[in-house]
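Numbering (UniProt numbering), first residue to last: 1 to 523.
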Amino acid sequence: MDSQLVNIKVVPEGMMGTNAQKTRWASPSDWESQKQRILHLYKYQDHPLWKVMQTMRDDYGFLATQKMYKYHLRRWGIRKNLQAAQVQEFVQEGRLGDEATSTLSVGGVRVNRKRLERHLKRVRQSGDSRAGGPDNSQLQLPSHAARRRTPSPERMLQNSFQPEVEKILHAVRSYVGGSFDAGRWSKSHIPWEKDLFVAAHNSAWTAGRLMNSGHIPQAFHMLNLCLDSCGKLLAAESPLFPLGMYAELFEFSKRNEALTRSIISFLRQLALVTYQSRLHPIYALFDTMSRMTSKQLCECAWTLGVTYCGSLSEELGDSSNEGTELSLYGHCFSWLAAYAPVEDTTAEGALQMHTRCLSVGGKTTFEVLEAKLRLANFFLDRQRYSEARSAAEEVISLDQGGAAGAKNAYLIDDCHRILFWVSRVDSSQEETVRAASRWVNYCTTQLGKSHELTVDALGEVAEYFRDVGDKEAASKACRDHDIAIDDMCERLGRIGLEADGCGTQKRTMLYGRMSQRGSSVTY
Numbered sequence: 001m002d003s004q005l006v007n008i009k010v011v012p013e014g015m016m017g018t019n020a021q022k023t024r025w026a027s028p029s030d031w032e033s034q035k036q037r038i039l040h041l042y043k044y045q046d047h048p049l050w051k052v053m054q055t056m057r058d059d060y061g062f063l064a065t066q067k068m069y070k071y072h073l074r075r076w077g078i079r080k081n082l083q084a085a086q087v088q089e090f091v092q093e094g095r096l097g098d099e100a101t102s103t104l105s106v107g108g109v110r111v112n113r114k115r116l117e118r119h120l121k122r123v124r125q126s127g128d129s130r131a132g133g134p135d136n137s138q139l140q141l142p143s144h145a146a147r148r149r150t151p152s153p154e155r156m157l158q159n160s161f162q163p164e165v166e167k168i169l170h171a172v173r174s175y176v177g178g179s180f181d182a183g184r185w186s187k188s189h190i191p192w193e194k195d196l197f198v199a200a201h202n203s204a205w206t207a208g209r210l211m212n213s214g215h216i217p218q219a220f221h222m223l224n225l226c227l228d229s230c231g232k233l234l235a236a237e238s239p240l241f242p243l244g245m246y247a248e249l250f251e252f253s254k255r256n257e258a259l260t261r262s263i264i265s266f267l268r269q270l271a272l273v274t275y276q277s278r279l280h281p282i283y284a285l286f287d288t289m290s291r292m293t294s295k296q297l298c299e300c301a302w303t304l305g306v307t308y309c310g311s312l313s314e315e316l317g318d319s320s321n322e323g324t325e326l327s328l329y330g331h332c333f334s335w336l337a338a339y340a341p342v343e344d345t346t347a348e349g350a351l352q353m354h355t356r357c358l359s360v361g362g363k364t365t366f367e368v369l370e371a372k373l374r375l376a377n378f379f380l381d382r383q384r385y386s387e388a389r390s391a392a393e394e395v396i397s398l399d400q401g402g403a404a405g406a407k408n409a410y411l412i413d414d415c416h417r418i419l420f421w422v423s424r425v426d427s428s429q430e431e432t433v434r435a436a437s438r439w440v441n442y443c444t445t446q447l448g449k450s451h452e453l454t455v456d457a458l459g460e461v462a463e464y465f466r467d468v469g470d471k472e473a474a475s476k477a478c479r480d481h482d483i484a485i486d487d488m489c490e491r492l493g494r495i496g497l498e499a500d501g502c503g504t505q506k507r508t509m510l511y512g513r514m515s516q517r518g519s520s521v522t523y
């Protein structure tokens, strides 16, 4: 709600009948209610601070000093000052464009060319005046001849959608910060809505698999069940929703990009209906995603995951509930590590550290098995097949030893899937058939013939038999697959995802089931 009152007339004691006034400065609740509007003016429209202050005062009755604005902008992580290291990197990487480029983005800060030149001049002069200071001789704009060099396609792509990246990162930071500031989240209470979210996420995966295999009506049935749950997740403001939906839509867009854009548009409108504001960060997130390609979504995914988890951890602090961070890592962060650039070693390091932290004390829990499984998936994505096999076999061995003391069929199913895919690319046909049989038998006996994981297993096995030309085995697997699909759709349509998500099995987010095709794994 907008803050309407700037000055309040008061009657001080002993001054009856005067027109004395007392200024009413913006309260903490006023700052919270106007946060998105201030950020929109200052960050996205790039207005100077004095103009933001004037607009907020004149149009919305919001009165605050420049010192107050600077404090809150700093608290929200918003800045416009240039940092020398980022400028140096920007110049050395040749990201200046041609002379006609008037506005540039340096470390997320939009600047015009003249301001950048002034900054470089000051840095050079400062460096010259300090004995033993850093060498700033390279901090200068290249000559016109040097700027005519055409950047690589990758660099051009990065420059072309850099504003979208900034908007996405700003949206997730605002969502985290705003949720804590408003009291919707706290160190002791995070509305994960885990069961419903994981059920919806996995149903979307299954929908993608069905669509890829040509089962279009059943795919849309599953997709509708998934989207029906989005309104509840948005209203609950689950921290899992932005990251999980982002990664899921990226995977879906690899083969169904037009449909994915329609889904994103639906989610954008659903966010508008839910939050009643185009300034809400979740609306901004989906609005920005609607203008990005599948490749761009992929390139943003790991950066988005690191930023989101970092923002949440910063708000929670060192004394946070351990289960909070484990939930985020187990369900989103480690999942997004698959999209980190191959040369980025921080992704594997983060997964390894997470696994070690969980394993302290020697107790094998569901979370420990899940972390080890994420590493197995990571190795499979990187085509490190022997490591993927070893990690998956370790999880199965620990589960059979009863160490976790829980029903872990979701994890073991994924282990069998990994072993099946490793066999496809690194073993004989006979071993692959045996791996396929173990996978299908496990799902059928532990989860049921109409479970979504059983449906996925039957579908991938049928696809394999078609690929290798085994018509008889492919025909049988296809028949079993079709029956399982119909039974699954009937069951979920009858009980709904929310009830299905409260089953006895501990659930984890499905991983990689639409990206691993044929004999190679590509990203």
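Cβ atoms here follow ideal geometry from the backbone N, Cα and C, with glycine treated the same way. Since the structure is predicted, the reported quantities are computational estimates derived from the model, not experimental observations.
What three-state label does DSSP hand His280 in the structure shown? For His280, the secondary structure class from DSSP, reduced to helix, strand or coil, is coil.
Can you tell me where the alpha helix (DSSP H) with Met222 in it begins and where it stops? 216-228
For Gly178, which option in Pro28, Asp46, Glu460, Met53 has the closest C-alpha, if you only look at C-alpha atoms? Pro28
The region 219-235 contacting the region 194-206, beta-carbon criterion three pairs below 8 Å: At 8 Å Cβ cutoff, the stretches touch.
Rounded to whole angstroms, what is the Cα-Cα separation between Asp482 and His451? 13 Å
Val342: buried (16+ other C-beta within 10 angstroms of its C-beta) or exposed? Val342 sits exposed, since fewer than 16 C-beta atoms from the chains shown fall within 10 Å of its C-beta.
By how many angstroms is the C-alpha of Ala371 removed from the C-alpha of His354? 7 Å
Pull up the CB-CB distance for Ala474 and Leu458, whole angstroms please, since I reckon it's below 8 Å. About 11 Å separates the two Cβ atoms, so there is no contact after all.
Identify whether Ser186 lies in helix, strand or coil by the three-state DSSP scheme. strand
Just the C-alpha distance for Thr55 and Leu63, rounded to the nearest angstrom, thanks. 10 Å
Less than 8 Å between the beta carbons of Pro242 and Val306, yes or no? no
Proximity to residue 558 [Cα-Cα], best of Tyr385, Ala391, Thr454: In the structure displayed, the chain extends from 1 to 523; residue 558 sits before or after that span and is not available.
Looking at C-alpha atoms only, which residue of Ala199, Ile412, Ala340, Glu460 is the closest neighbour of Thr432? Glu460
Quick check on His47: does DSSP put it in helix, strand or coil? coil
Euclidean distance between Cα positions of Ser427 and Asp414: 19 Å
Sorted by chain position, which residues of the same chain lie with C-beta nearer than 7 Å to Glu387's C-beta, five sequence neighbours on each side aside? In the same chain as Glu387, and ignoring 5 residues on each side of it, the C-beta atoms closer than 7 Å to its own belong to Phe379, in chain order.
Short of 7 Å in beta carbon distance, which residues of its chain neighbour Phe197, apart from the five on each side in sequence? Order them along the chain. Leu233, Ser238, Leu240, Phe241, Gly244
Ignoring anything shorter than 4 residues, give me the alpha helix (DSSP H) runs that lie fully in the region 375-435, in order along the chain. Along the region 375-435, the alpha helix (DSSP H) occurs as fully enclosed runs of 4 or more residues at 385-400, 409-426, listed in sequence order.
Determine the burial state of Gly183: buried for a count of at least 16 other Cβ atoms within 10 Å of its Cβ, exposed for fewer. exposed
Identify which residue in Leu419, Gln429, Glu430, Tyr464 has its Cα closest to the Cα of Tyr442. Leu419
Less than 8 Å between the beta carbons of Tyr42 and Val52, yes or no? Yes. Within cutoff.
Ends of the alpha helix (DSSP H) at Met211? 194-212
Where Glu164 sits in the DSSP three-state scheme: helix
Based on Cα-Cα distance, which residue from Cys478, His416, Met488 lies nearest to Gly448? Met488
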